[in-house]
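Student: Going by numbering that gives the first Met the number 0, the letters in the sequence shown line up with residues 0 to 349, in that order.
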Amino acid sequence: MVVSSPGRLNIIGEHVDYTGGFVLPFAINRRLYIEVERSDRFVFTSEGFKEYRFSRLKKVGDWPDYIIGVIKEFEKLSLKVPPLCFRVRSEIPPGSGLSSSAALETAASLAISQLFNFNLSKRQIFKISLRAEREFVGVNCGIMDQYTAVFAKKEHALLIDTYHETHRYVKMDLKGYTFGVINSNVKHSLAEGHYNKRRKEAEEALKEMGKSSYREVTLDDVENISDPILKKRARHIVTENIRVKKTVHLLEKGKLNELGKLLYESHESLSKNYEVSCEETDFIVEFMKSKGITGARMVGAGFGGGVLVFGEKPKILAAYTELEKFYFKKFGLTPQLLFIDSDDGVRVDP
Ligand code: GLA
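1. What are the boundary residues of the alpha helix (DSSP H) that includes Lys152?
2. Go ahead and pull the three-state DSSP assignment for Leu397.
3. Do you know how far the Cα of Arg234 is from the Cα of Lys271?
4. Quick test of your reading: Lys186 and Gly47, contact by CB under 8 angstroms. State the CB separation rounded to the nearest angstrom.
5. I believe Arg30 touches Asp342 by the beta-carbon criterion, under 8 angstroms. Please report the beta-carbon distance rounded to the nearest angstrom.
6. Is Leu307 helix, strand or coil by DSSP?
7. Which of the three DSSP states, helix, strand or coil, is assigned to Arg398?
8. The beta strand (DSSP E) with Ala295 in it runs from where to where?
9. With 16 other CB atoms within 10 Å as the buried threshold, where does Ile283 fall?
10. For Val185, write down the residues that DSSP places opposite it in a beta bridge.
11. Is Asn9 close to ligand 1? I mean its beta-carbon at under 8 angstroms from any heavy atom of the ligand.
12. Closer than 6 angstroms is what we want: which residues have a beta carbon that near any heavy atom of ligand 1? List them in chain order.
13. Using 10 angstroms around the beta-carbon of Glu251, count the other beta-carbons present and answer buried if the total reaches 16, otherwise exposed.
14. In the DSSP assignment, find the alpha helix (DSSP H) that holds Asn256 and state where it starts and stops.
15. Alpha carbon to alpha carbon, how far is Val2 from Ala110?
16. Let's see if you can read the secondary structure: which residues bound the beta strand (DSSP E) around Gln1?
17. What alpha helix (DSSP H) runs, 4 residues minimum, are completely inside the stretch 114-140?
18. May I ask which residues mark the beginning and end of the alpha helix (DSSP H) holding Val284?
19. Check each candidate in Thr320, Leu103, Gly344 and name the one with the smallest Cα separation from Thr333.
20. DSSP has Asp160 in a bridge; who is on the other side?
21. How big is the Cα-Cα spacing for Pro92 and Glu207?
22. Considering Tyr319, what are the terminal residues of the alpha helix (DSSP H) in which it resides?
23. What residue from Ser289, Leu218, Glu264 has the CA that sits closest to Met297's CA?
24. Given this structure, state the Cα-to-Cα distance separating Glu278 from Ala204, to the nearest angstrom.
25. Helix, strand or coil, according to DSSP, for Gly192 in the structure here?
26. Would you please state the rounded distance, in angstroms, between the beta carbons of Gly6 and Ser98? I believe it to be under 8 angstroms.
27. Considering only their Cβ atoms, is the gap separating Val69 from Ser128 smaller than 9 angstroms?
28. Which residues does DSSP list as the beta-bridge partners of Ser89?
29. Which of the three DSSP states is assigned to Arg242 in this structure?
30. What separation, rounded to the nearest whole angstrom, lies between the Cα atoms of Asp348 and Asp226?
31. Going by beta-carbon coordinates alone, are Glu222 and Lys210 separated by less than 9 angstroms?
32. Taking buried to mean at least 16 other C-beta atoms within 10 Å of its own C-beta, is Phe327 buried or exposed?
33. Between Gly301, Phe73, His155, Ala201, which lies nearest to Thr18 when the distance is taken from Cα to Cα?
34. Do Ser268 and Ala106 have their CB atoms nearer than 9 angstroms?
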């Protein structure tokens, strides 16, 4: 049996999914496939990655941990998982902010559920996958990635309310515009440490404002924060949520040029207020802006990774061709461009 799950691209709403904010991602047409069958031992194979075999599950500090974390979650629900062989194949480039890890977790969850007729609901698949990442892999992430991999629908973005853990679909009619991702090909170390630090700062800022949730926070509250760093962090969270709502409106009205401006604003805030960008991704965004591309911003956790670009395909291609030269000259690195379409969430493939 083969199960596949998509990567995701977040249009807007970055670094707000762990503070009860709104995010607007969609599933992309780059998927990860898992073939699973019974075996005498646990076997994990994936082309281009190290293979693992063992009779008792343990943490290995490598890619199978995402699946092992999922199995552990099944066990916590008293659903016994006997030894299985997992064969993984992925079209999702790692390190571009497209969340290949959530694809792996959700595909593994659905595959196990199907194989043993556990009949888990979509929400259970989402929860198991999220807990695997948080509790076993140890990344204290928000809900966006696993939620999107499970609930996404082709040609639609998901407006996720991460406070209530609900969503509504927003039709994506791009009128000849397209999304792309430029991989900066840098991943600054300490990225995970910075991620957890931002989470803490966001909580501290909330405390300083005397609020229990960012849903109650206004821009005036933010301006009253005395600590300059915490003020900037909270400013990002509050303004980003406003931008998400505006983006949904513009997407529904087909005002895509204005939408592009919000993407640049989001980047500016991620870079200056939340400080999760870096020289390389700032450079790519600025370059795209100078070439008249409709919108661009860093995506995902940041500190390197991917830049989302939005606009007309030929224009993006022309700008990217120039970028390659300048980027190499400045950083000695070659970026990569990928055009992206929408897709459905995790599913059993025929
Ligand atoms: C990572 C996390 C998500 C989200 C983004 C930033 O991808 O896994 O939950 O917080 O960073 O928006």
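C-beta: ideal position from N, C-alpha, C; glycine also.
Remember, it's a predicted structure, so these values are computed and weren't measured experimentally.
Tutor: With the given structure in hand:
1. From DSSP, Lys152 is part of no alpha helix (DSSP H); its letter is neither H nor E.
2. Because the chain here runs from 0 to 349, residue 397 falls outside it and cannot be looked at.
3. 10 angstroms
4. That pair is no contact at about 17 angstroms.
5. 7 angstroms
6. strand
7. This structure gives no information on residue 398, because the portion of the chain shown stretches from 0 to 349.
8. 294-298
9. buried
10. BP columns for Val185 are empty, so no partner.
11. yes
12. Glu13, His14, Asp16, Tyr17, Ser98, Cys140, Gly141, Met143, Asp144, Gly299, Ala300
13. exposed
14. 255-271
15. 6 angstroms
16. Checking the displayed sequence, the identity of residue 1 turns out to be Val instead of Gln. Note, Val1: beta strand (DSSP E), 1-9.
17. 121-130
18. 278-289
19. Thr320
20. Phe21, Thr165
21. 40 angstroms
22. 312-330
23. Glu264
24. 26 angstroms
25. helix
26. 6 angstroms
27. yes
28. Leu31
29. helix
30. 52 angstroms
31. no
32. exposed
33. Ala201
34. no
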